[in-house]
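Report on one structure; see the data block that follows.
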Amino acid sequence: MEDYTVKISRTQKCGVLVAGGGVGGVSAAISASRTGADVMLIESGGCLGGQAGFGIVTPVGSIETISRKSFGGLCREIYDNVSRLTKKYASPKEGFEDLKASPHILKYVLLKTAVEAGVNVRFHTQFIDAECENGKIKSVIVSDKNGFMKISADMFIDATGDGDLIVKSGADYVKGSEKGVYHQLAEEGMDKRHFTDEKMDGGEKSGLMQPVSIFFTMENVDMKKAFEYNNKVYKFGDFGITKEKFKKWEFAGTCGFEITDEKIPLPQGRILVSFGTSNHTAVINMSRVTGIDGTDADSLNDGEIKAQLQVIAIVDFLKTFIPGFENSCLVQSASSLGVRETRRLKGNYVLSGLEAIKAEQNDERIARGSYIIDIHDPNGRKSAFGGDIKGDFYDIPYGTLVTDKVENLLVCGRCISVDHVANSSTRVQGTCIMTGQAAGTAAAMAVTEKVSAPRVDVKKLQKILIDNGVYLD
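The sequence shown begins at 1 in full-length UniProt numbering and counts up by one.
Structure (structure tokens):
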């Protein structure tokens with residue numbers, strides 16, 4: 001190993017620094033700015049939205065309760081604006097199953113909302129390191145086309161998805177599954193996989209992470225023909241999905257076609273198709289690469305190569321075997337690999353999968369979730385296992401966003417303090433937006449009131465969130 005010294009050519013300062021421009025990070029930045037903070041958002045790419053933008057991941061996930069009451073807040077605002085601008089699909093008030101979120105419209109809505117809120121958005125800016133002292137982040141080092149820059153701030157929000165700032169700050173974290181977590185699933189009857197009666201055999205292993213994927217879109221698909229064919233072979237019982245519920249899932253749910261493993265050139269036997277934002281467009285979520293660590297450069301590169309090389313094989317399979325795809329064509333593939341799981345903060349509160357499954361409530365709630373337990377098999381054989389939560393929603397407490405180890409760090413999105421099972425539900429876009437809104441609001445409060453992030457008055461935070469339309473009462 002060799003030391004290499006770089007010149008820091010510029011310095012900047014802000015009240016709240018948000019690292020990562022995915023839906024969670026954007027929501028955090030917007031909320032912090034609206035609550036009165038001077039906010040800078042750094043994003044390594046050239047658009048906002050993260051996987052919802054450059055990853056063309058159209059499923060939104062959880063933006064309402066199981067009984068279809070909107071979670072409100074920025075979730076409602078963002079997707080109402082997406083719906084209004086497209087004028088081609090149902091409003092979120094009809095339910096998240098009916099919402100088709102165009103990645104292109106979503107990127108525009110997020111950027112426009114952030115700019116209008118006064119957020120200093122810096123694209124093509126890569127987080128490099130953090131300078132810390134006595135359990136506090138003093139500044140971060142970033143790089144862009146002009147070289148290296150130091151950014152000082154009062155509060156920092158990790159919205160990187162991979163917990164990059166968590167690591168550099170010295171906070172505790174976990175990566176992948178915890179030991180014995182799958183036995184808990186079995187006890188709750190959630191160890192069955194889609195389309196099979198096999199049991200999950202993860203046993204006592206820890207550190208298992210869900211496979212990575214690349215989304216892509218196909219046009220000129222005969223949706224009616226595909227749907228009619230799908231109804232003949234789809235098994236509805238294994239995942240708590242009734243035939244009636246499936247019919248409503250044009251968007252958020254997926255068409256699962258069970259085909260013999262020999263015909264699919266992948267480590268799974270399931271096809272996932274989401275109907276797109278136009279009548280003849282399908283969004284395909286089929287590529288799978290197992291054993292990839294999204295926090296390791298070599299492993300991530302390996303996953304990127306393997307997933308990209310799967311796309312044409314999948315297109316050929318669909319055109320050959322699935323009615324309705326005979327005349328379809330590939331029009332777009334994601335520009336970056338979709339990583340489902342890596343690091344998570346070990347915060348002041350760790351939300352467990354059992355709490356999510358049992359739809360438990362918490363007095364310090366700052367967000368809510370309702371998405372299914374959706375673990376894509378780390379071994380890759382049969383795609384996923386889990387099921388519906390056993391209630392209307394579960395609460396996400398404030399302690400999942402903060403740690404006493406680092407007084408001015410908050411997190412949001414995929415790297416909040418949850419276990420492997422809960423993460424499979426909280427990692428979706430809707431929940432990332434909600435935790436982002438809470439983290440951004442809390443960060444601004446901490447700056448104004450000159451308190452550490454863990455010492456923010458949760459009751460006051462809840463009131464502000466409720467006043468801003470978030471369903472917490």
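Note that beta-carbon positions come from the ideal geometry of N, C-alpha and C, so glycine has one too.
Review point. Taking the Cβ atom as the reference point for each residue, do I157 and S143 lie within a distance shorter than 8 Å?
Key: no
Practice item. May I ask you to report which of helix, strand or coil DSSP gives R427? Key: coil
Review point. Does the separation of the CB atoms of G21 and G50 fall below 8 Å?
Key: yes
Review point. Roughly how many whole angstroms lie between the Cα atoms of A153 and G15?
Key: 5 Å
Check your understanding: For R455, does the count of other Cβ atoms within 10 angstroms reach 16, so buried, or fall short, so exposed?
Key -> exposed
Review point. If you run the structure through DSSP and keep just helix, strand and coil, what is D316?
Key: helix
Review point. Beta-carbon separation of G53 and P103 under 8 Å?
Key: yes
Check your understanding: Looking only at C-alpha atoms, which of K138, T342, Q429 sits nearest to L409?
Key -> K138
Practice item. Please report the Cβ distance between A159 and G413, rounded to the nearest whole angstrom; I am assuming they are in contact, meaning their Cβ atoms lie under 8 Å. Key: 5 Å
Exercise for review: Mind reading off the beta-carbon distance from S33 to A117? Whole number of angstroms is fine, and I expect it under 8 Å.
Suggested key: 4 Å
Review point. Looking only at DSSP bridge pairs, what is E219 linked to?
Key: C329
Check your understanding: The beta strand (DSSP E) with S44 in it runs from where to where?
Key -> Taken as a continuous stretch (DSSP letters only), S44 belongs to no beta strand (DSSP E), as it is neither H nor E.
Point to revise | V406, DSSP secondary structure in three states | key: strand
Review point. Hey, T441 and I464 are a contact pair by Cβ (cut 8 Å); roughly how many whole angstroms apart?
Key: 6 Å
Check your understanding: What does a CB cutoff of less than 6 Å around G176 pick up in its chain, not counting 5 residues either side in sequence?
Key -> G207, L208, M209
Practice item. Kindly confirm or deny that the stretch 62–69 and the stretch 423–437 touch, where touching means at least three C-beta pairs closer than 8 Å. Key: yes
Review point. Does the stretch 444–453 touch the stretch 77–84, meaning 3 or more C-beta pairs lie closer than 8 Å?
Key: no
Check your understanding: Hey, does E355 have any beta-carbon neighbour from chain C nearer than 8 Å?
Key -> No chain C appears in this structure, which consists of one protein chain only.
Practice item. Just the C-alpha distance for L185 and E178, rounded to the nearest angstrom, thanks. Key: 12 Å
Point to revise | DSSP three-state assignment for R414, whether helix, strand or coil | key: helix
Review point. Nearest CA to the CA of V119: which residue from A19, M223, I292, K459?
Key: A19
Check your understanding: If you follow the beta strand (DSSP E) that V140 is part of, which residue opens it and which one closes it?
Key -> 137–144
Practice item. List the endpoints of the continuous alpha helix (DSSP H) containing E116. Key: 103–117
Exercise for review: Quick one: residues in its chain with C-beta nearer than 6 Å to the C-beta of I166, no 5 flanking neighbours on either side, listed in chain order?
Suggested key: D158, Y173, L345
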